[in-house]
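To start, the structure under review is shown below, and the notes come after it.
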Amino acid sequence: MADLFTILAVSAGAVLFLAGTLGLLRFPDTLTRLHALTKVDNLGLGLVVLGLLPQLGWLAAAKMLAVWLLVQLSGAVVTQILARSVRGEGES
Amino acid sequence: MMETGFDVVLALMLLGVGGWSIIARNMMTAVIIFIAYGLLLSLAWVRLHAVDVSLTEAAIGSGATGLLMVIAAHKVAGDSQRVVRLSRGFHVLAAVFATLVAIGIASLAFVLPGAPVSLAAPVLERLPESGLGNPVAGVLFVYRSFDTLLEKVVLLLALIGVWALARDQDWGGVPGLRLFQHPHSVLMLLARTLPPIGFVFAIYMTWAGADVPGGAFQGGTVLAAMWILVMVAGVRRVPRVSSPLLRLAIVAGPLVFLAIGFLGFVAPGVFLAYPDGLAKPLIVVMEVALTLSIAVILGLLIAGPPRAKDSA
Amino acid sequence: MSAVLLFWLAGSGLIGLAVYGLIVNPHPLCKLLALNLLGSGVFLLFGVIARRGAAAGLGGDPVPQALVITGIVVAFSATAIAVALLLALHAEAGEASLDQEDEEP
Amino acid sequence: MIPLQAIAETGTTPGGALLVLGIVMPAVALVALIGLGGRAARMIVAAALLFQLYVAVRVALLVAGSATPLAYVVGGFQPPLGITLRADGVSALMMVVSAVIFLGAASFAWKDFAQARGQPEARLSLIFWSALLAMASALNLLFTSTDLFNLYVGLELLTFAAIPVVAIKGGAETLRAALRYLLFAVFGSMLYLFGIVLIYGAYGTLAISAIAAQVQPNAATLAAAGFVTVGLLAKTALFPFHLWLPPAHAGAPAAGSAVLSALVVKGSLFLLMRLWFDTFPSLREPADMQLLAFLGALAVIIGSVTALRQPRLKLLVAYSTVAQIGYMFFVFTLVPKTAGDIVASAAWTGAWLQVVAHAFAKAGMFLAAGLVAEVLGHDRIRDLGGLSARAPLVVLTFAISGLSLMGLPPSGGFSAKFMLLAAALAEGHWVWATVIIAGGVLAGAYVFAVLARMMAAPTKAAELASIGRTRQLIALGLASVSVLMGLMPLHPIAFFEIGRFP
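Chains as they are written, first to last, in the numbering used here: chain V, 5 to 96; chain Z, 105 to 416; chain B, 84 to 188; chain P, 24 to 525.
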């Protein structure tokens, strides 16, 4: 049961990573690319972490959650800064 | 089978990404690809069962080196257009030569002696005397601590080398880390929330380094990253290079290292040998001091030579 | 193919790529990047030697691993000095180039 | 951790701790200097360099007295786990030479890099003296370490100490020279490091004596020796890797140039000798070493000819370094493999005399060139006229340094080249013998060209600055050592052989 959950969640996360990467490569401008990337950061990584939780002891699980939270924090800030600098420079 | 497949993909990606960073036209692109390459490389180090190296590669080889090169690429961006175009024949010749070099080195894999040599057993055999659990830390701080001591002197010299490039009238000013001209509210948020976490993490890495992968260098790099973040965001002022407190932080690690080295002359009678039973506590003291110095030196190396006192 | 041989080949290839980059890229920052790639290739080969020496329950010989850590720090120090020189040269001459176009009178 | 008795059995000799002090005390001084700031710099440097001289002389006396090398096992761990320091005859020789030249250069630079009383710390003072201390430490490490990786760290430390000295004056030309020097040096160290990787892969140790004991002439070892050699050639600036040297050495302040040309290039050269004579003695086929001698010969000829065409004095002196380094590479082919051979001893002594004589002559010459630039405000060779009237001591210094570079008696340069020549003739190496003579003639040409200009009448009425007598005497003193060396009897020196051919 736990294994099945892991497989499903990690696979879903991997699909999001793939989609996000495609978006990064194919989208036309910086803002839409950022849009694609943030999905990978939030949901993709979140699903992978969530899926792995049942396989881990509580200490390792806490570490995984901490990783996810830190990525959330830095991802949000960096995306903001990038988006602002794009708008500031008037690039499309 | 699965693992071999992973290794093959990883090796190919290393070559592909590494090659891309060489042929990329735009310098900023090349540098950013190089950072990605560094992260792939730290994966390769894990696959080679060298977790300590992997952490160092991610922190220094990719992180700190990458940051330095991003700053450089940003400032010299205008140069790239003026690159002289070399003839096609020259490129082909260079490619042929490089291929021959690669093939030559690759073929050396087959001439190394069949029975691998290793110091793993002797390292482990005498490791308990020091109380350390991490054999790599044992090599760095017990068997070959002389190398490690000199490496710290090399870092001091790197700082002297960077500071040498200040203009005389700017000397005594603050290092010129100025990526953002105006306070940036979102960055401020990060610079206020992240450092406490990073600080705890850095202490953990240093502390744990005696027994599991980690250590002063990795911890120091995390600390340096926090300091740079705080400086870039403008939360704290960058200290003047002549500030006595800053100087003390720079030399604290090497000073403690040297002092413990000389202590060896007194207690067991040999330079850089530890007195009976005191090896581990002394090494921990040394690592704490080194973490501080490494963090400050790395931060200052990235910040660059001091600039004019008034230009903010 | 064993991981040892595989990563030895990868390291050799990286050294080849770095040599190519050193020859064809005239800009000092590109040369610096190529030198870093060269260094990482050499370190990787040392890591392979360490992996070959897996013994006594360790996944690799800790001596070369420790030497690589020292090597990475030394290479970083060189990069820091080189970047500072490059930027100082850029500020002084308006362009960071290794060729002297005009002799000093 | 290690009982004292065990230490006595581990190979540390009485007085071995001096070797640690020779490396570590300059580092202690460096830490103190950075911590306390540039204001205390000169006192710290003076104390450190005087102590350096004391250590070097003690080491030399102990080595000479016992006729055996000194050794110290750092941390108490024998190779292959640990690192051993060892001083044989040539290590002790080079320690003394470098201590003396450092003292000379530091006294010469004493006023230039002073720190005004009551003023905030000056950049020049902190940077120059820190770099000088680091060089002193790194050189002693290169002269005494017996671990190939430890030597790599020493090589890098030496480079990183040399770069700030090159770049300290600023200006596009100087910065470019420093950057090119650094890129060359890093490339060289990567090749060296790859050689080490192969050696460790083949022998599982990095200790020179352990490698020498088990070395096999197999493909991996030969490749390793090749990579290490080429890496060190790039750092030693042997032709065709010489292009970085002249602008770098000419761009530094006079005292810095003196140390760079006299000592720093010898660091990697020393290591090259360690490699072929101590690490792989059985691999060194004098016939195969003709390639190194050939590059050395090209360096002698091309370096001298290029020196002749230089418009500026400091560049001329720097190109002369390129040429003089070339002579030292004859040693690899001229020393026969059999120990105790009289030809071997003559060539060996000749090569080391050349290293030492060049060190003193070149230190004197660069200091003289610096004084010339200070008196005239420029160093254009064409406009040197009138110098002999105004600064006769400087001209004299230049002349007697030139004597040693040309190889005219009496001078250390003469003894060195005479012994190399004798060895070449005894072995029937007519080509190398011819190059040694031709190099002397070419050196004569560029030295006399400069001297003739210095003696000439002033070309135009120029404003001449005055220079202190002390610094002139320091330059003259260093140059005189190279001449005094010529008074030694012309036969192999036993001291240089101590600890060789284990």
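In this text, a Cβ means the ideal position worked out from N, Cα and C, and glycines have one as well.
Computed from a predicted model, the values in this text were never measured in an experiment.
Measure the alpha-carbon distance for leucine 108 (chain P) versus threonine 310 (chain Z) and round it to whole angstroms. 30 angstroms
Beta-carbon separation of threonine 16 (chain P) and glycine 274 (chain P) under 8 angstroms? This structure leaves residue 16 (chain P) out entirely; chain P is present only between 24 and 525.
Quick one: what's got a C-beta closer than 6 angstroms to leucine 394 (chain P)'s C-beta in the same chain, skipping five residues either side? Val417 and Ile490
How many angstroms separate the CA atom of arginine 4 (chain V) from the CA atom of proline 111 (chain B)? Since the displayed chain V opens at 5 and closes at 96, residue 4 (chain V) lies outside it and no answer follows.
What does the alpha-carbon distance come out to for the pair arginine 186 (chain Z) and alanine 148 (chain Z)? Interpretation of arginine 186 (chain Z) is limited by its pLDDT of 47, a score under 50 that renders its predicted location unreliable; no figure is taken from the coordinates.
8 angstroms Cβ cutoff met for valine 113 (chain Z) and isoleucine 137 (chain Z): no
Listed by chain order, chain B residues near glutamate 58 (chain Z) by CB distance under 7 angstroms: Past the edges of chain Z, shown from 105 to 416, lies residue 58 (chain Z), and the structure says nothing about it.
Measuring alpha carbon to alpha carbon, tell me which residue in Z:Met292, Z:Gly365, Z:Val370 and Z:Arg129 is nearest glutamine 84 (chain V). Z:Met292
Does any CB atom of chain B fall closer than 8 angstroms to the CB of valine 305 (chain Z)? Here residue 305 (chain Z) turns out to be phenylalanine, not valine, going by the sequence shown. Taking Cβ atoms only, chain B never reaches closer than 8 angstroms to phenylalanine 305 (chain Z), which makes this a no.
Residues from the stretch 181 to 204 of chain P in contact with chain Z, defined by Cβ distance under 8 angstroms: Phe183, Ala184, Ile186, Pro187, Ala190, Ile191, Gly193 and Leu198
Just curious, the beta strand (DSSP E) that alanine 145 (chain P) is in, first and last residue? Careful: alanine 145 (chain P) lies outside any beta strand (DSSP E) and carries neither H nor E.
For threonine 133 (chain Z), which of helix, strand or coil comes out of DSSP? helix
Residue(s) in a DSSP beta bridge with arginine 403 (chain P): P:Arg335
Quick check on this structure: which residue in P:Met388, P:Tyr342 and P:Ala320 has the alpha carbon closest to the alpha carbon of leucine 357 (chain P)? P:Ala320
Output the distance between the C-alpha atoms of asparagine 238 (chain Z) and glycine 218 (chain P), rounded to the nearest integer angstrom. 28 angstroms
Candidates P:Val340, P:Leu510, P:Gly45 and P:Ala488: which alpha carbon is nearest glycine 467 (chain P)'s? P:Val340
Can you give me the C-alpha to C-alpha distance between alanine 200 (chain P) and valine 328 (chain P), rounded to a whole angstrom? 21 angstroms
Count the other C-beta atoms from every protein chain shown that fall within 10 angstroms of the C-beta of proline 269 (chain P), then say buried if there are 16 or more, exposed otherwise. buried
Where does proline 239 (chain Z) fall in DSSP's three states? helix
Using the Cβ count rule (16 or more neighbours within 10 Å means buried), how would you classify tryptophan 331 (chain Z)? buried
Per DSSP, what kind of secondary structure is tyrosine 378 (chain Z) in: helix, strand or coil? coil
Run through DSSP, which three-state label would alanine 87 (chain V) get? helix
Taking the beta strand (DSSP E) that arginine 109 (chain P) belongs to, which residues open and close that run? 106 to 110
Straight-line gap, leucine 118 (chain B) to valine 282 (chain P) (C-alpha atoms, nearest Å): 28 angstroms
With a Cβ-Cβ cutoff of 8 angstroms, do glycine 224 (chain P) and isoleucine 155 (chain B) count as a contact? no
Excluding the five sequence neighbours on either side, which residues of its own chain have a C-beta within less than 7 angstroms of the C-beta of phenylalanine 305 (chain Z), listed in chain order? Val326
Can you find a C-beta in chain P that's less than 8 angstroms from the C-beta of arginine 186 (chain Z)? Residue placement at arginine 186 (chain Z) is flagged as unreliable, the pLDDT there being 47, under the threshold of 50; the coordinate-derived value follows with that caveat. Arginine 186 (chain Z) does not count as touching chain P.
Under 8 angstroms between beta-carbons, which chain Z residues line up against alanine 179 (chain B)? List them in chain order, please. Val180 and Asp183
If you measure beta-carbon to beta-carbon, which residues of the stretch 156 to 168 of chain B are closer than 7 angstroms to chain Z? Val156, Val157, Phe159, Ser160, Thr162, Ala163, Ile164, Val166, Ala167 and Leu168
If we ignore side chains and look at the alpha-carbon of each, how far apart do leucine 26 (chain V) and leucine 402 (chain Z) end up? 36 angstroms
Every unbroken alpha helix (DSSP H) inside the stretch 409 to 471 of chain P [4 residues or more]: 410 to 413, 415 to 429 and 435 to 449
Rounded C-alpha distance that separates glutamate 178 (chain B) from alanine 128 (chain Z): 20 angstroms
Between which two residues does the beta strand (DSSP E) containing valine 174 (chain Z) stretch? Counting along the chain, valine 174 (chain Z) falls outside any beta strand (DSSP E), though it belongs to the alpha helix (DSSP H) covering 169 to 179.
Please classify valine 180 (chain Z) as buried or exposed, where buried requires at least 16 neighbouring CB atoms within 10 angstroms. buried
Compute the Euclidean distance between the alpha carbons of asparagine 163 (chain P) and arginine 297 (chain P), then round it to the nearest angstrom. 14 angstroms
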